[in-house]
Amino acid sequence: MTVRLEPVTRDDVRPLFDLKVAPEDQTFVAPNEKTLAQAPYETGACVFVIWAGNTRAGLIALLDFAEHEYLEENDDPQSAFVWRLMIADEFQGQGYGTMALDLACEWARNRGRPRMFIQAVTTNHDAISLYERCGFVRTGVVSDGEAQLVKSLI
(Lines of atoms letter the chains of each structure in order from A; the text may use other names.)
(Lines give C-alpha, C1' and ligand atoms only; values in the text may rest on other atoms or scores of the structure.)
Protein backbone atom coordinates (compact mmCIF):
# COMPACT_ATOMS: atom_id res chain seq x y z
CA MET A 1 0.00 0.00 0.00
CA THR A 2 1.57 3.26 -1.16
CA VAL A 3 0.55 6.43 0.64
CA ARG A 4 1.69 9.91 -0.26
CA LEU A 5 0.74 13.48 0.56
CA GLU A 6 0.24 15.92 -2.30
CA PRO A 7 -0.80 19.58 -2.02
CA VAL A 8 -4.48 20.07 -2.80
CA THR A 9 -5.12 21.26 -6.35
CA ARG A 10 -8.24 22.55 -8.05
CA ASP A 11 -8.94 19.05 -9.38
CA ASP A 12 -8.99 17.68 -5.83
CA VAL A 13 -11.59 20.03 -4.37
CA ARG A 14 -14.83 18.35 -5.44
CA PRO A 15 -13.59 14.80 -4.79
CA LEU A 16 -12.45 15.90 -1.32
CA PHE A 17 -15.93 17.32 -0.66
CA ASP A 18 -17.32 13.84 -1.38
CA LEU A 19 -15.12 12.11 1.22
CA LYS A 20 -16.89 11.55 4.53
CA VAL A 21 -15.97 10.02 7.86
CA ALA A 22 -18.16 7.41 9.53
CA PRO A 23 -21.38 8.91 10.90
CA GLU A 24 -20.26 8.30 14.50
CA ASP A 25 -17.07 10.33 13.84
CA GLN A 26 -18.71 13.41 12.32
CA THR A 27 -18.58 15.37 15.57
CA PHE A 28 -14.81 14.80 15.87
CA VAL A 29 -13.48 16.32 12.64
CA ALA A 30 -14.55 19.27 10.52
CA PRO A 31 -15.78 18.53 7.00
CA ASN A 32 -13.20 18.95 4.25
CA GLU A 33 -15.22 21.86 2.86
CA LYS A 34 -14.60 23.82 6.06
CA THR A 35 -10.87 23.04 6.09
CA LEU A 36 -10.46 24.11 2.47
CA ALA A 37 -12.44 27.31 3.10
CA GLN A 38 -10.38 28.24 6.18
CA ALA A 39 -6.91 27.29 4.94
CA PRO A 40 -6.22 30.39 2.79
CA TYR A 41 -6.69 32.54 5.89
CA GLU A 42 -4.36 30.54 8.16
CA THR A 43 -0.77 31.66 7.68
CA GLY A 44 1.65 28.76 7.65
CA ALA A 45 -1.08 26.30 6.59
CA CYS A 46 -0.44 23.51 4.10
CA VAL A 47 -3.29 21.22 3.08
CA PHE A 48 -2.58 17.86 1.48
CA VAL A 49 -4.56 15.09 -0.14
CA ILE A 50 -3.78 11.71 1.40
CA TRP A 51 -3.39 9.42 -1.59
CA ALA A 52 -3.76 5.64 -1.28
CA GLY A 53 -2.21 4.61 -4.56
CA ASN A 54 -4.27 6.56 -7.10
CA THR A 55 -7.27 7.08 -4.83
CA ARG A 56 -7.97 10.01 -2.51
CA ALA A 57 -8.27 8.53 0.99
CA GLY A 58 -8.42 11.70 3.03
CA LEU A 59 -7.03 15.11 3.84
CA ILE A 60 -4.43 16.40 6.27
CA ALA A 61 -3.92 20.07 7.11
CA LEU A 62 -0.70 21.15 8.78
CA LEU A 63 0.42 24.42 10.35
CA ASP A 64 4.01 25.58 10.62
CA PHE A 65 3.78 27.67 13.79
CA ALA A 66 6.97 29.55 12.84
CA GLU A 67 4.94 31.06 9.96
CA HIS A 68 1.58 31.29 11.73
CA GLU A 69 0.44 34.78 12.75
CA TYR A 70 -2.31 33.74 15.14
CA LEU A 71 -0.62 31.72 17.86
CA GLU A 72 -2.73 30.84 20.87
CA GLU A 73 -1.68 30.46 24.50
CA ASN A 74 -0.37 26.87 24.31
CA ASP A 75 1.14 27.08 20.79
CA ASP A 76 4.90 26.48 20.52
CA PRO A 77 6.20 28.96 17.91
CA GLN A 78 9.02 26.64 16.81
CA SER A 79 6.81 23.61 16.20
CA ALA A 80 4.33 22.27 13.69
CA PHE A 81 0.73 21.25 14.26
CA VAL A 82 -1.61 18.72 12.68
CA TRP A 83 -4.57 21.03 12.32
CA ARG A 84 -6.91 18.51 10.67
CA LEU A 85 -6.67 14.81 9.85
CA MET A 86 -9.53 13.23 7.97
CA ILE A 87 -9.52 9.65 6.71
CA ALA A 88 -12.61 8.68 4.71
CA ASP A 89 -14.82 6.02 6.26
CA GLU A 90 -13.94 3.31 3.73
CA PHE A 91 -10.20 3.78 4.38
CA GLN A 92 -10.27 3.80 8.18
CA GLY A 93 -8.59 1.01 10.11
CA GLN A 94 -6.17 0.21 7.29
CA GLY A 95 -3.11 2.19 8.39
CA TYR A 96 -3.63 5.30 6.26
CA GLY A 97 -3.85 7.61 9.26
CA THR A 98 -0.61 6.20 10.67
CA MET A 99 1.19 6.62 7.36
CA ALA A 100 -0.20 10.13 6.87
CA LEU A 101 1.02 11.14 10.33
CA ASP A 102 4.47 9.70 9.59
CA LEU A 103 4.62 11.76 6.39
CA ALA A 104 3.38 14.85 8.24
CA CYS A 105 6.16 14.46 10.80
CA GLU A 106 8.67 14.11 7.96
CA TRP A 107 7.29 17.35 6.46
CA ALA A 108 7.79 19.14 9.80
CA ARG A 109 11.26 17.65 10.31
CA ASN A 110 12.28 18.85 6.83
CA ARG A 111 11.23 22.35 7.89
CA GLY A 112 13.46 22.15 10.95
CA ARG A 113 10.63 21.79 13.45
CA PRO A 114 11.66 19.85 16.58
CA ARG A 115 8.12 18.91 17.64
CA MET A 116 4.76 18.11 16.12
CA PHE A 117 1.56 18.79 18.05
CA ILE A 118 -1.90 17.35 17.51
CA GLN A 119 -5.21 17.61 19.37
CA ALA A 120 -8.21 15.34 19.72
CA VAL A 121 -11.58 15.62 21.38
CA THR A 122 -11.09 14.00 24.78
CA THR A 123 -13.87 11.48 24.10
CA ASN A 124 -12.35 10.41 20.76
CA HIS A 125 -10.49 7.44 22.23
CA ASP A 126 -9.75 5.87 18.83
CA ALA A 127 -7.93 8.99 17.62
CA ILE A 128 -5.99 9.42 20.85
CA SER A 129 -4.95 5.75 20.74
CA LEU A 130 -3.80 6.17 17.13
CA TYR A 131 -1.75 9.24 18.00
CA GLU A 132 -0.15 7.50 20.96
CA ARG A 133 0.73 4.46 18.79
CA CYS A 134 2.41 6.94 16.41
CA GLY A 135 4.64 8.24 19.21
CA PHE A 136 2.63 11.23 20.40
CA VAL A 137 2.32 11.73 24.16
CA ARG A 138 -0.29 13.70 26.09
CA THR A 139 0.93 17.04 27.38
CA GLY A 140 -1.77 17.36 30.03
CA VAL A 141 -3.18 20.44 28.31
CA VAL A 142 -6.90 20.32 27.51
CA SER A 143 -8.35 23.26 25.60
CA ASP A 144 -11.95 23.57 24.41
CA GLY A 145 -12.52 19.88 25.16
CA GLU A 146 -9.50 18.75 23.14
CA ALA A 147 -6.47 16.97 24.57
CA GLN A 148 -3.10 18.13 23.27
CA LEU A 149 -0.42 15.61 22.32
CA VAL A 150 3.16 16.16 21.16
CA LYS A 151 5.83 14.13 19.38
CA SER A 152 9.54 14.90 19.42
CA LEU A 153 11.01 14.93 15.91
CA ILE A 154 14.68 15.06 16.92
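Mapped onto the UniProt record's numbering, the consecutive letters of the sequence shown carry residue numbers 1 to 154.
Note that CB positions come from ideal geometry on N, CA and C, so glycine has one too.
Remember, predicted model here, so these are calculated numbers, not experimental data.
Apart from sequence neighbours up to five positions away, the residues of its chain that approach R138 with a beta-carbon distance below 7 Å are A147 and L149, ordered along the chain. Taking 4 residues as the shortest admissible run, the UniProt domain "N-acetyltransferase" (3 to 154) contains the following complete alpha helix (DSSP H) segments, listed from N- to C-terminal end: 10 to 18, 32 to 38, 96 to 110 and 125 to 133. Contact check for V47 against L62 passes: the beta carbons are separated by less than 9 Å. Setting aside the 5 residues that flank it on each side, K20 is surrounded in the same chain by A88 and D89, each with a C-beta closer than 7 Å to its C-beta; the list follows chain order.
For A66, the closest C-alpha among the options R56, L85 and F81 is that of F81. Burial state of G97 is buried, judged by a 10 Å Cβ sphere holding 16 or more other Cβ atoms. Taking the Cα positions, F17 is about 32 Å away from E73.
Selection A37, E42 and F117 evaluated against V142 yields F117 as nearest (Cα-Cα). In this structure, G58 lies near A100, with their beta-carbon atoms less than 9 Å apart. In this structure, the straight-line span from the alpha carbon of D75 to that of G145 is close to 16 Å.
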